[in-house]
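Residue numbers (this note's numbering), protein chains in the order written: chain S, 1 to 346; chain Y, 347 to 692. Before any comments, here is the structure.
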């Protein structure tokens, strides 16, 4: 068992969900400074960027923060897979006048590795969280020698029990309400996924480590309900998307503040893995679940080109509009205010 | 505004969800006698059956009980619709050696009407709950003159506000975790549906009438969390399915107690309207969502024949296995024990 005190000792039991692509050190700093746990999503950052972002956090005087990585198994794709995906996108590529030649391999999302452990080792971040399982055993053992708090996401009771058996410090119980990628890793069967009200009490009963409740938690009442169900803390993502310190694009902000945010779906069309987004043209017409997607994250290569073309015209038609089922808690305020509001400390 | 005291005055704030086809007066009596609110699902009963079931409840000395009706708009179907559905079922009909001629119009499910109001008027049941909206305005006005508690289900904030504007006594906020039919009526767009953790606090904020939380509530912690989020009571269905007084079939009970219950989906293949069921062959191979279904409830006619054939061979392949996302709270005990367990009064 690794060290859970970074979670159990928080001034306010609020973890800011790491949200790759829409936030960096600024939001993490603000949340940690407010007494919650700020998170730095590293999945889409280079080694140099990770180093500079952690330095920014440390320079701000923040001691307790979380760095987040993905743990997917990188899969090579076949030409046949790529062709099938391009064929599913054919109408869209044509509409936006995109040549398949414009689609490149992209920066991708690298899973956690010894090389990335090398990058963060000088800082020994107090909390390291993972999505899509855990890194390989030898990497995990290496991290455990740092006496850090290691966390990962469970979307089922079985995943929570498996994570505990691997010695994590805490598990995040991610209910189906949550925005962004499902952390599922023992099964890719969406019928196993359940809402926070169903999942949380079962996970709390099944494991002895602290449980962090995620999914639909964006109000004071939600936080207190999660704690009364046995959660040690909550993880909120969507609620922070409009905060001053988030890098959420204007297009994404506009969608979050509109009636569009009342329509979300679990979709695999943006990355190849299921994730909750506001329903836009891409989700509606290509998905929400499309059998022709490529393995994560290769699906994103073609989508990135469509997105870029559309966004240049002011359209969010192909933008992954990550959003949970409760955008009503979003506030265009400093993160400090939101953290205090969530815990009723205003 | 009608009279909410039947809800606000319960000894234990637990409403037993009406579950057509799997329970009758026996379960309702047991739950009401235990201090909760027992419900009699009338949607699939004849006028004579409704009368005799209510008499059974009254004879047991129960004063506070709920009668539940559907409020769907009955739609006639075209031959083309019926043919499209039969064509979608062709393989299944063939596998079970069912001739399309064996499919009859079935008993159907009648929406609430003046005729049904005539049947229940002598009893003036203290609580009348509806699914799929509310009956026509003149019927509703008639019920209001009885000084009863009128309830209906909301699956979105907009539906809750609409129900309140029609003068209901309380609204049920039905989270996506719930088993059985979604009560949705202002929209049939599944992307509007959200989990209890997201829906409940928003509904509580949006309306002034008491809110009953449904969906994934099957543990003591779940009940107390729902109350802490502002619910006046909870409605639990799945948790009661194994109770001694429920008429749940042995096939259904076996599925609820197996790992199959870890896999549920919202499906329209059993009735034409979306409902949460354990994933069986019908859900997996015809659905979960099939565009070729007939309007509710005509879809059920063909399914009833397939079900009957399969069940005769001991198979639940075509049985609607209604189940929420948290079957872990199911107990093979008298309902009295379950009600007390839910409120922590054991």
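Every residue gets a Cβ at the ideal spot worked out from N, C-alpha and C, and that includes glycine. Values in this document were obtained by computation on a predicted structure and should not be read as measured data.
Rounded to the nearest angstrom, the Cβ distance from residue 213 of chain S to residue 196 of chain S is 6 Å, consistent with a contact under 8 Å. Judged by DSSP secondary structure, residue 568 of chain Y falls outside any beta strand (DSSP E) and instead within the alpha helix (DSSP H) spanning 566-574. Within its own chain, the residues whose Cβ lies closer than 7 Å to the Cβ of residue 26 of chain S, once the five positions on either side in sequence are excluded, are 245, listed in chain order. Any Cβ of chain Y closer than 9 Å to the Cβ of residue 183 of chain S would place that residue at the interface, and such an atom is absent. Secondary structure within the stretch 160-227 of chain S: the beta strand (DSSP E) runs of 3 or more consecutive residues, fully enclosed, are 170-174 and 211-214 (chain order). DSSP places residue 263 of chain S outside both helix and strand once states are collapsed to three, so it counts as coil. Interface annotation for the stretch 657-686 of chain Y against chain S: 670, 671, 672 and 674, criterion Cβ-Cβ distance under 8 Å.
Taking 8 Å as the upper bound for CB-CB distance, residue 664 of chain Y and residue 628 of chain Y are in contact here, some 5 Å apart. Nearest to residue 72 of chain S by C-alpha distance, out of S/125, S/335 and S/130, is S/130. By the neighbour-count definition (other C-beta atoms within 10 Å, threshold 16), residue 596 of chain Y is an exposed residue. Nearest in C-alpha terms to residue 139 of chain S, of all of S/151, S/115, S/152 and S/160, is S/115. Among the CB atoms of chain Y, none fall inside 9 Å of the CB of residue 70 of chain S. Just so you know, the alpha carbons of residue 678 of chain Y and residue 228 of chain S end up roughly 26 Å apart.
With a threshold of 16 other beta carbon atoms within 10 Å, residue 63 of chain S falls short and is exposed.
With a threshold of 16 other beta carbon atoms within 10 Å, residue 517 of chain Y meets it and is buried. The beta-carbon distance between residue 271 of chain S and residue 296 of chain S, rounded to whole angstroms, is 5 Å. This is short enough to meet the 8 Å contact definition. The beta carbons of residue 241 of chain S and residue 215 of chain S sit no closer together than 9 Å.
Per DSSP, reduced to three states, the secondary structure at residue 150 of chain S is strand. Within the DSSP bridge table, the entry for residue 119 of chain S names no partner.
For residue 444 of chain Y, the nearest beta carbon of chain S is not closer than 9 Å to its own beta carbon. Listed along chain S, the residues sitting closer than 7 Å to residue 523 of chain Y by beta-carbon distance are 194, 195, 197 and 198. Interface annotation, residue 189 of chain S: in contact with chain Y, CB-CB separation under 9 Å. Looking only at S/125, S/218, S/121 and S/254, the smallest Cα-Cα distance to residue 330 of chain S is reached by S/218. Residues of chain S with a Cβ closer than 9 Å to the Cβ of residue 598 of chain Y do not exist, since the nearest Cβ in that chain sits about 17 Å away. Per DSSP, residue 7 of chain S lies in no beta strand (DSSP E) segment; the continuous alpha helix (DSSP H) that holds it begins and ends at 5-8.
DSSP places residue 437 of chain Y in the helix class (H, G or I) of the three-state scheme. Where residue 275 of chain S is concerned, the enclosing beta strand (DSSP E) starts and stops at 275-278.
Counting only residues of its own chain and dropping the five nearest sequence neighbours on each side, residue 66 of chain S has a CB closer than 6 Å to the CB of 37, 39, 127 and 129. Within the same chain, 562 and 564 come within 6 Å of residue 672 of chain Y by CB-CB distance, once the 5 residues on both sides are set aside.
With at least 16 other beta carbons inside 10 angstroms of its own, residue 320 of chain S counts as buried. Residue 647 of chain Y and residue 357 of chain Y have their C-alpha atoms spaced approximately 41 Å apart. For residue 229 of chain S, at least one C-beta of chain Y is nearer than 9 Å to its own C-beta.
Take residue 18 of chain S, set aside five residues on each side of it, and the residues of its chain with a beta-carbon closer than 6 Å to its own are 39, 41 and 68, in chain order.
Note on geometry: alpha-carbon atoms of residue 553 of chain Y and residue 511 of chain Y lie some 9 Å from one another. According to the DSSP secondary-structure assignment, residue 130 of chain S is paired through a beta bridge with S/69 and S/152. The secondary-structure analysis by DSSP pairs residue 41 of chain S across a beta bridge with S/68.
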